[in-house]
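Here is the structure we will look at, set down as structure tokens.
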Amino acid sequence: MGNATTSTWAKVIHGVPQGSILGPLLFLLFINDLPKFMRDKSMPILFADDTSVLISHSNLLDFKNDIKIIFTNLNEWFIQNLHFLNFSKMQFVNFATRNNNQMEIIIDHNNKTIPICNSTKFLGLTVDCTLSWRHHIDLVTKKLSTI
Numbered sequence: 622m623g624n625a626t627t628s629t630w631a632k633v634i635h636g637v638p639q640g641s642i643l644g645p646l647l648f649l650l651f652i653n654d655l656p657k658f659m660r661d662k663s664m665p666i667l668f669a670d671d672t673s674v675l676i677s678h679s680n681l682l683d684f685k686n687d688i689k690i691i692f693t694n695l696n697e698w699f700i701q702n703l704h705f706l707n708f709s710k711m712q713f714v715n716f717a718t719r720n721n722n723q724m725e726i727i728i729d730h731n732n733k734t735i736p737i738c739n740s741t742k743f744l745g746l747t748v749d750c751t752l753s754w755r756h757h758i759d760l761v762t763k764k765l766s767t768i
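Here it is, written out as structure tokens:
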């Protein structure tokens, strides 16, 4: 075996120790009210500690307005619950058909902007902005070819 190291004992002032069984249960209880807080204009999807927010609107101006309202409400929920939005882990994907042009939407708060991406991973699937399977198939094929 290598060099064994141990952590020093410390008093836990807030939260629970990392790796405990209690942590995931408390997290689910903690975040359980988020969908009710946002449900009027969006559909939040919670899976473990990943949260996705789906927003749909047929009118571009109303769509942009809804995004700003939802983002403001989401940020307020995090502040009220003594958390913060981690902009380094946030992504924005504008889903549209190939026939529709992508629209320019900028979501920002306190001089931080959510990056716009052409694709994202969602529950292990790579989904692109046109809802094509091409990107996901290419990634899976590349992984399989290395085996």
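Per the numbering used here: the sequence shown = residues 622 to 768. C-beta atoms are modelled at their ideal positions from N, C-alpha and C, and glycine is treated no differently.
Nearest by alpha-carbon distance to residue i: which of the options is it?
{"i": "F692", "options": "Q701, I728, A669", "result": "I728"}
{"i": "N739", "options": "D749, K733, N731, H730", "result": "D749"}
{"i": "L681", "options": "I634, F716, R755, T627", "result": "F716"}
{"i": "M724", "options": "I652, T762, N731, D683", "result": "D683"}
Measuring only the C-alpha atoms, how far is residue i from residue j?
{"i": "I688", "j": "A625", "result": "50 Å"}
{"i": "N686", "j": "L765", "result": "43 Å"}
{"i": "N702", "j": "P656", "result": "14 Å"}
{"i": "H678", "j": "L760", "result": "31 Å"}
{"i": "D654", "j": "K742", "result": "24 Å"}
{"i": "E607", "j": "P665", "result": "Nothing about residue 607 can be read from this structure; the chain reaches only from 622 to 768."}
{"i": "I726", "j": "T672", "result": "20 Å"}
{"i": "K710", "j": "K733", "result": "12 Å"}
{"i": "R719", "j": "R755", "result": "13 Å"}
{"i": "D632", "j": "Q639", "result": "It is Lys, not Asp, that sits at residue 632 in the sequence shown. Looking at the two C-alpha atoms, the distance is approximately 13 Å."}
{"i": "S753", "j": "T627", "result": "48 Å"}
{"i": "D670", "j": "G745", "result": "14 Å"}
{"i": "W630", "j": "F668", "result": "32 Å"}
Which partner residues does residue i have in the DSSP bridge list?
{"i": "T741", "result": "V748"}
{"i": "M664", "result": "L675"}
{"i": "H730", "result": "K733"}
{"i": "F713", "result": "I737"}
Find out if the Cβ-Cβ distance for the pair residue i, residue j is shorter than 8 Å.
{"i": "F769", "j": "I690", "result": "Outside the shown range of the chain, which is 622 to 768, sits residue 769, and nothing can be said about it."}
{"i": "F699", "j": "F705", "result": "yes"}
{"i": "V637", "j": "L650", "result": "no"}
{"i": "T747", "j": "H757", "result": "yes"}
With a threshold of 16 other CB atoms inside 10 Å of the CB of residue i, please say whether the residue is buried or exposed.
{"i": "L675", "result": "exposed"}
{"i": "S663", "result": "buried"}
{"i": "L695", "result": "buried"}
{"i": "M576", "result": "The requested residue 576 is not part of the displayed model; the chain covers only 622 to 768."}
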